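J.: Have a look at this one before I ask anything.
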Amino acid sequence: MKRFYSFIIISIIGLGVGIAAIFYGDTLKSSNTVTIPSVKPPFKSFIAGTGIIEAESKNIAVGSSISGVIKKVYVQSGDKIKKGMLLFEMDDTLLQSKILVAQTSIKAAEAKLTSAKHHFNLIENFKKVSPQMVTKVKYIQAQDRFHEAKELLAVSKTKLAALQDQLKRYKVYSPIDGVVLRSEISKGYFFDSRSNALVIGSDRVNVRVSINEYDISKFRPGTKAVAYMRGNTKEKTDLTYTYTIPYVVPKTNLTGRSTERTDTRVLQVIYAAKRTKTFPLYVGEQLDVFIQTPEQEK
Numbered sequence: 400m401k402r403f404y405s406f407i408i409i410s411i412i413g414l415g416v417g418i419a420a421i422f423y424g425d426t427l428k429s430s431n432t433v434t435i436p437s438v439k440p441p442f443k444s445f446i447a448g449t450g451i452i453e454a455e456s457k458n459i460a461v462g463s464s465i466s467g468v469i470k471k472v473y474v475q476s477g478d479k480i481k482k483g484m485l486l487f488e489m490d491d492t493l494l495q496s497k498i499l500v501a502q503t504s505i506k507a508a509e510a511k512l513t514s515a516k517h518h519f520n521l522i523e524n525f526k527k528v529s530p531q532m533v534t535k536v537k538y539i540q541a542q543d544r545f546h547e548a549k550e551l552l553a554v555s556k557t558k559l560a561a562l563q564d565q566l567k568r569y570k571v572y573s574p575i576d577g578v579v580l581r582s583e584i585s586k587g588y589f590f591d592s593r594s595n596a597l598v599i600g601s602d603r604v605n606v607r608v609s610i611n612e613y614d615i616s617k618f619r620p621g622t623k624a625v626a627y628m629r630g631n632t633k634e635k636t637d638l639t640y641t642y643t644i645p646y647v648v649p650k651t652n653l654t655g656r657s658t659e660r661t662d663t664r665v666l667q668v669i670y671a672a673k674r675t676k677t678f679p680l681y682v683g684e685q686l687d688v689f690i691q692t693p694e695q696e697k
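Under this note's numbering, residues 400 to 697 are what the sequence shown spells out, in order.
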């Protein structure tokens, strides 16, 4: 009997220790949680919006008029690029074989033209010496063969020129000075003509600010704006108004707040921003933006 009671007491103690350990562990985990610092608005009266960093030139998905397997890549993410710089080239083996065939066709057409020309000159000379030796039908036939050979040579040269012009498209060059924002291409990668695997942009950046439709009436173009870095509210930067996109669109970057409606529409305003050592501004980064409403402060 004593053993039975001792077993019960030990079980109760063990259960208590287990519960205490779980509670204590949860307490330690919760104490390590860092609260998100709140942003102190820089203006007395303002509009708050979400800003997305984008290149001043827009984010350019490099495309090509043809598709194919990439033979060589000359840049990678983060590389500085210049206008006209070769970015990558695609395998042109099949096209090179077509060019070789076209060059051979030109040689054959040139030989045919030479033969037709000699034959026509011979017929023409015979006709000059003795018109009775050459009938009108033979003369016209020789003349037609000569002109046909000339046209065939011209067509062959045109085909070669078209293939050589197409060959240039297998090399893709940068249309701007800037930086490679993202590169997912590599040797052997099949590049589709509508691919967005290589994205470039200018060094300068803009902030695309989305203003809620309920705040549009408060916004005035040209007013001051300040952007704060998410996760570090001590870091902020002044924005310079550039232009307003006069087309209200559905909101796409949702914040996840319970009061936010998925059918909300926004007015997009573009502000220029400057990179600093403490505020690097990466393309695609989200910022908390406050836009002053001076008319409400009076």
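Note that CB positions come from ideal geometry on N, CA and C, so glycine has one too.
Owing to the predicted nature of the structure, the values given are computational and were not obtained by experimental measurement.
Going along the chain, which residues of its own chain have a beta-carbon closer than 6 Å to the beta-carbon of L562, five neighbours each way excluded?
T.: Sequence index remark: in the sequence shown, residue 562 carries index 163 (1-based). So the qualifying residues of the chain are K497, I498, A501.
J.: Since S476 and I575 are thought to touch, with beta carbons under 8 Å apart, how far apart are those beta carbons, to the nearest angstrom?
T.: The sequence position of residue 476 within the sequence shown is 77, counting from 1. The sequence position of residue 575 within the sequence shown is 176, counting from 1. 16 Å between Cβ atoms; not a contact.
J.: Would you kindly check if the distance between the Cβ of I644 and the Cβ of G448 is under 8 Å?
T.: Stepping through the sequence shown from its first residue, residue 448 is reached at position 49. Stepping through the sequence shown from its first residue, residue 644 is reached at position 245. Their beta carbons are not under 8 Å apart, which means G448 does not touch I644 by this criterion.
J.: Helix, strand or coil: which one does DSSP assign to Q502?
T.: If you number the sequence shown from 1, residue 502 lands on position 103. Q502 falls in the helix class under three-state DSSP.
J.: Using DSSP bridges, identify the partner residues of S582.
T.: On the sequence shown, position 183 is the one that residue 582 refers to. In DSSP, S582 forms a bridge with L597.
J.: Buried or exposed: where does Y681 fall if 16 or more other Cβ atoms within 10 Å of its Cβ makes it buried?
T.: Numbered from its first residue, the sequence shown carries residue 681 at position 282. Exposed is the call here.
J.: Is the beta carbon of I469 closer than 8 Å to that of H600?
T.: Numbered from its first residue, the sequence shown carries residue 600 at position 201. Numbered from its first residue, the sequence shown carries residue 469 at position 70. According to the sequence provided, residue 600 is Gly. The question's His does not apply to it. Cβ distance not < 8 Å, so G600 and I469 don't count as in contact.
J.: Could you tell me which whole beta strand (DSSP E) segments of length 3 or greater appear in the region 503-588?
T.: If we require 3 residues or more, the beta strand (DSSP E) runs fully inside the region 503-588 come out as 570-572, 577-582.
J.: Within 10 Å of its beta-carbon, does S592 have 16 or more other beta-carbons around it, so buried, or fewer, so exposed?
T.: Numbered from its first residue, the sequence shown carries residue 592 at position 193. S592 should be labelled exposed.
J.: For I446 and chain C, any beta-carbon pair shorter than 8 Å?
T.: The structure shown contains no chain C; it is built from a single protein chain.
J.: Report buried or exposed for A507, applying the criterion of at least 16 other Cβ atoms within 10 angstroms of its Cβ.
T.: In the sequence shown, counting from the first residue as 1, residue 507 sits at position 108. The residue in question, A507, is exposed, as its Cβ has fewer than 16 Cβ neighbours within 10 Å.
J.: Between which two residues does the beta strand (DSSP E) carrying D687 extend?
T.: Within the sequence shown, residue 687 is the residue found at index 288, counting from 1. 685-691 is the extent of the beta strand (DSSP E) around D687.
J.: Go through its chain and collect everything with a Cβ distance to F674's Cβ below 6 Å, but skip five positions before and after it.
T.: Taking the first residue of the sequence shown as 1, we reach residue 674 at position 275. Correcting the residue type first, residue 674 is Arg in the shown sequence and not Phe. Here the set comprises L680.
J.: Whole beta strand (DSSP E) runs in the region 604-671 with 3 or more residues, listed along the chain?
T.: Entirely contained in the region 604-671, the beta strand (DSSP E) runs reaching 3 residues are, in chain order, 604-611, 624-628, 631-649.
J.: Rounded to the nearest angstrom, how far is the Cβ of L552 from that of V461, given a contact under 8 Å?
T.: The residue labelled residue 552 in the question sits at position 153 within the sequence shown. The residue labelled residue 461 in the question sits at position 62 within the sequence shown. That pair is no contact at about 39 Å.
J.: From I615 to L666, what distance separates their C-alpha atoms?
T.: Against the sequence shown, residue 615 aligns to sequence position 216. Against the sequence shown, residue 666 aligns to sequence position 267. Roughly 7 Å separates the two Cα atoms.
J.: Please state if the CB of E612 and the CB of V647 are separated by a distance shorter than 8 Å.
T.: Stepping through the sequence shown from its first residue, residue 647 is reached at position 248. Stepping through the sequence shown from its first residue, residue 612 is reached at position 213. Yes.
J.: In three-state terms, what does DSSP make of K497?
T.: The residue given as residue 497 occupies position 98 in the sequence shown. K497 falls in the helix class under three-state DSSP.
J.: Compare the C-alpha of Y642 against each of S573, F618, A626, K633 and name the closest.
T.: Here the question's residue 642 lines up with position 243 in the sequence shown. Looking at the Cα atoms, F618 is the closest of the given residues.
J.: On the three-state DSSP scale, how would you describe T492?
T.: Taking the sequence shown and counting its residues from 1, the one referred to as residue 492 is at position 93. It is helical.
J.: Between P649 and R629, is the Cβ-Cβ spacing less than 8 Å?
T.: The count along the sequence shown starts at 1 and reaches residue 649 at position 250. The count along the sequence shown starts at 1 and reaches residue 629 at position 230. In this structure, R629 does not lie closer than 8 Å to P649 by Cβ.
J.: Buried or exposed for F487, please, with buried defined as at least 16 other CB atoms from any protein chain shown within 10 angstroms of its CB.
T.: As a position in the sequence shown, residue 487 is number 88, starting the count at 1. F487 comes out buried.
J.: Between Y569 and L494, which are expected to be in contact by the criterion C-beta below 8 Å, what is the C-beta distance as a whole number of angstroms?
T.: For the purposes of this step, residue 569 is taken as residue 170 along the sequence shown, with counting starting at 1. For the purposes of this step, residue 494 is taken as residue 95 along the sequence shown, with counting starting at 1. Right, their Cβ atoms sit about 7 Å apart.
J.: Following a CB-centred definition, is K482 positioned closer than 7 Å to any heavy atom of the ligand MG?
T.: Summarising the ligand content, the structure contains no ligands, and the ligand MG is consequently not present.
J.: Flag this pair as yes or no: are the beta carbons of V578 and D478 separated by less than 8 Å?
T.: Counting from one through the sequence shown, the residue named residue 578 turns up at place 179. Counting from one through the sequence shown, the residue named residue 478 turns up at place 79. Result yes, Cβ atoms of V578 and D478 sit closer than 8 Å.
J.: How many Å lie between D602 and N458 at the Cα?
T.: Within the sequence shown, the letter at position 203 stands for residue 602. Within the sequence shown, the letter at position 59 stands for residue 458. If I take the Cα positions, the gap works out to 11 Å.
J.: For K479, which beta-bridge partners are listed by DSSP?
T.: Here residue 479 corresponds to residue number 80 of the sequence shown, with the count starting at 1. Answer is V578, bridged to K479.
J.: Can you grab the Cα-Cα spacing for the pair E523 / T513, in whole Å?
T.: Within the sequence shown, residue 523 is the residue found at index 124, counting from 1. Within the sequence shown, residue 513 is the residue found at index 114, counting from 1. For E523 and T513, the distance between alpha carbons rounds to 15 Å.
J.: Report buried or exposed for D491, applying the criterion of at least 16 other Cβ atoms within 10 angstroms of its Cβ.
T.: Taking the first residue of the sequence shown as position 1, residue 491 is located at position 92. Result: buried.
J.: Helix or strand or just coil, what does DSSP make of L680?
T.: In the sequence shown, residue 680 corresponds to position 281, counting from 1. Coil, per DSSP.
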